[in-house]
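Engineer: Numbered according to our numbering, the sequence shown spans residues 136 to 446.
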Amino acid sequence: MILIEFWGDLKNFAQGETRAIFEGEGAFYEIVDDNYPVMVIDVKKWEPLKRAGFIRFVSKFLASGDSIPKIDLNLEDFAVRARRYDPSGLKSDFVEREIGRMVRGKVNLTSPKNVVRVAISKRIHIGILLYDFLQDKFEERKGSNLPISYPITMHPRFARALINLARLKRGNKIMDPFCGTGSILVEAGLMGMRVYGSDIDERMIFASKKNISKFGVHAELNVMDVGEISGSYDAVVTDPPYGRSSSSKGEKIESLYGRAFKKFSELVDKVAIVLPSKRAMEIGKKYFELREFYPVRVHKSLTRYYCYFAR
Ligand SMILES: C[S@@+](CC[C@H](N)C(=O)[O-])C[C@H]1O[C@@H](n2cnc3c(N)ncnc32)[C@H](O)[C@@H]1O
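#1: From what residue to what residue does the beta strand (DSSP E) around CYS370 run?
#2: Consider the C-beta atom of GLY315 and the heavy atoms of ligand 1; say whether any pair is separated by less than 6 angstroms.
#3: So who's on the other strand from ILE255, going by DSSP bridges?
#4: For ARG154, which three-state DSSP category applies?
#5: Going by other Cβ atoms of all chains shown within 10 Å of its Cβ, with 16 needed for buried, is VAL433 buried or exposed?
#6: Just verifying my parser: in three-state terms, what is the DSSP assignment at ASP336?
#7: Which value, in whole angstroms, describes the spacing of the CA atoms of GLU427 and PHE444?
#8: Terminal residues of the continuous alpha helix (DSSP H) containing PHE229?
#9: Taking C-beta to C-beta, are LEU356 and ILE340 nearer than 7 angstroms?
#10: Tell me whether ILE287, by its Cβ, gets closer than 6 angstroms to a heavy atom of ligand 1.
#11: Within 6 angstroms: the Cβ of LYS384 and any heavy atom of ligand 1?
#12: Closer than 6 angstroms by C-beta to ALA155: which residues in its own chain qualify, once you throw out the five before and the five after it? Chain order, please.
#13: Can you tell me which of the three DSSP states GLY200 falls into?
#14: With H, G and I counted as helix, E and B as strand and the rest as coil, what does DSSP make of SER380?
#15: Determine the direct distance from the alpha carbon of LEU410 to that of LEU437, and round the result to whole angstroms.
#16: Can you confirm whether the segment 277-292 touches the segment 204-215 when touching is taken to mean that 3 or more C-beta pairs between the two stretches lie within less than 8 angstroms?
#17: Among ILE137, LYS146, PHE268, which one has its Cα closest to the Cα of VAL431?
#18: Have a look at ILE388 and GLY378 and give me their C-alpha separation to the nearest angstrom.
#19: Would PRO375 be called buried (16 or more neighbouring beta carbons within 10 Å of its own) or exposed?
#20: According to DSSP, which residues form a beta bridge with LEU138?
#21: Have a look at SER380 and ARG258 and give me their C-alpha separation to the nearest angstrom.
#22: Measure the Cβ-Cβ separation of PHE189 and GLY143 and say whether it is below 7 angstroms.
#23: How would you call ASN209, buried or exposed, if buried means at least 16 neighbouring beta carbons within 10 angstroms?
#24: Are the Cβ atoms of ALA354 and ILE347 separated by less than 7 angstroms?
#25: Would you kindly work out how many angstroms separate the C-alpha atoms of ASP369 and SER223, rounded to a whole number?
#26: What does the Cβ neighbour count give for LEU197, buried or exposed, with the cut at 16 atoms within 10 Å?
#27: Tell me the residue span of the beta strand (DSSP E) that contains ALA445.
#28: Which class does VAL361 belong to by DSSP, given the choice of helix, strand or coil?
#29: Contact defined as beta carbons within less than 8 angstroms: I believe VAL193 pairs with LEU297. What is the distance between those atoms, to the nearest angstrom?
#30: For a quick check, are the C-beta atoms of SER450 and ASP201 less than 7 angstroms apart?
In structure tokens:
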């Protein structure tokens, strides 16, 4: 059993991403405790979760309780790290001390071999850290740290979550036909996918090439209109123009989405895409079944919908 501590406050999207990763890998899983931002899941192979965008920590589950659970642990070298997610919960330094007393072994706060994670939410959950997502260095790949970025550049965590919605396995082929500065391509490459991208704007393909090479990702890239893409892929994962800061080259957005979805329906069975409205989703529904969508409010007049369409 594992204990997940999610990142951010997008409950439905974060949980949807986790389900999608297991489903993509064909892993059987059962949610044992849903206490956002914490979740306890019964699953044999947790490693596919390493490619998540919206997880902070994954730990081996030890115990949960309404108050501090009793544990009996023998760890040669350890630190206890607690995080309070619920402001009405117990203070984290108090919980760390109490739990530290129940663990036999040497306390090592600087470079512990074992980290006992404690998530203080409505309940208190304890685990031993398996994976800290800080090592994935998302911040190093956000727009301001890329060789070339534009305001349209997608944050790597969101790019990952979008890719994961498409329920893919490592090694699958993905196509981003509106690749812009390449954020989806970079993340997909780092997640072990085979990556293809195109964009109508030559400057964007130049930017994508620079950005992906910084992270050692290889992708086949072409300057072309979405209507010209061809080939066979496991999914289209993309972030088309939404009629504001990003340009659709003078074409009405509805017409562009209509052409794009028609083309996707000729090439793939799965599409993970960001859309700016429910009206845009209706266009996709002419060609695919809308399986799930997650609204993310950007500002007062813009909500972006992260959608998964399939057949
Ligand atoms: C929202 S941006 C993509 C941003 C990208 N996810 C990133 O992180 O940089 C949309 C992209 O679609 C491209 N585009 C616009 N019309 C297109 C068309 N007809 N065919 C292909 N690409 C198009 C634009 O040049 C722009 O780069």
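Backbone N, C-alpha and C fix where the C-beta goes; we use that ideal spot for every residue, glycine too.
Quick caveat, the model's predicted, so the values are computed rather than measured.
Structural biologist: Put simply:
#1: Inspection of the sequence shows that residue 370 is occupied by Ala rather than by Cys. Per DSSP, the unbroken beta strand (DSSP E) holding ALA370 starts and ends at 370-373.
#2: GLY315 has its CB nearer than 6 angstroms to a heavy atom of ligand 1.
#3: According to DSSP, ILE255 bridges with ARG219, ILE259.
#4: Looking at ARG154 - three-state DSSP - the assignment turns out to be helix.
#5: Classification of VAL433: exposed, given that the 10 Å Cβ count is below 16.
#6: Three-state result, ASP336: coil.
#7: Rounded to the nearest whole angstrom, the C-alpha separation of GLU427 and PHE444 is 7 angstroms.
#8: Looking at the DSSP string, the run of the alpha helix (DSSP H) that includes PHE229 is 227-237.
#9: For the 7 angstroms CB-CB criterion, LEU356 and ILE340 form a contact.
#10: Yes - ligand 1 has a heavy atom lying nearer than 6 angstroms to the Cβ of ILE287.
#11: In this structure, LYS384 has its beta carbon less than 6 angstroms from a heavy atom of ligand 1.
#12: Taken in chain order, the residues that qualify are ASN299, LEU300, ARG302.
#13: GLY200 falls in the strand class under three-state DSSP.
#14: Since pLDDT at SER380 reaches only 47, below the 50 mark, its modelled position is unreliable, and the value read off the structure follows with that caveat. DSSP places SER380 in coil when its eight states are reduced to three.
#15: Approximately 10 angstroms, taken between the alpha carbons.
#16: In this structure the segment 204-215 does not touch the segment 277-292; the number of beta carbon pairs closer than 8 angstroms is below three.
#17: With distances taken between Cα atoms, VAL431 lies closest to LYS146.
#18: One C-alpha to the other measures close to 6 angstroms.
#19: Its Cβ being crowded by 16 or more others within 10 Å, PRO375 is buried.
#20: In the DSSP output, where bridge partners are listed per residue, LEU138 has VAL175, SER194.
#21: The pLDDT assigned to SER380 is 47, lower than 50, so where the model puts this residue is not dependable; a value taken from the coordinates is nonetheless given after this. Rounded to the nearest angstrom, the two C-alpha atoms are 43 angstroms apart.
#22: With a cutoff of 7 angstroms on beta-carbon distance, PHE189 and GLY143 are scored as near each other.
#23: Exposed, by the Cβ-count rule.
#24: Contact: yes.
#25: Each residue's Cα considered, the two are about 46 angstroms apart.
#26: Buried, by the Cβ-count rule.
#27: Element bounds for ALA445: 437-445.
#28: Residue state, collapsed to three classes: helix.
#29: With 8 angstroms as the limit, VAL193 and LEU297 do not qualify as a contact, their Cβ atoms being about 20 angstroms apart.
#30: Residue numbering for the chain in the displayed model covers 136 to 446; residue 450 lies beyond these limits and cannot be assessed.
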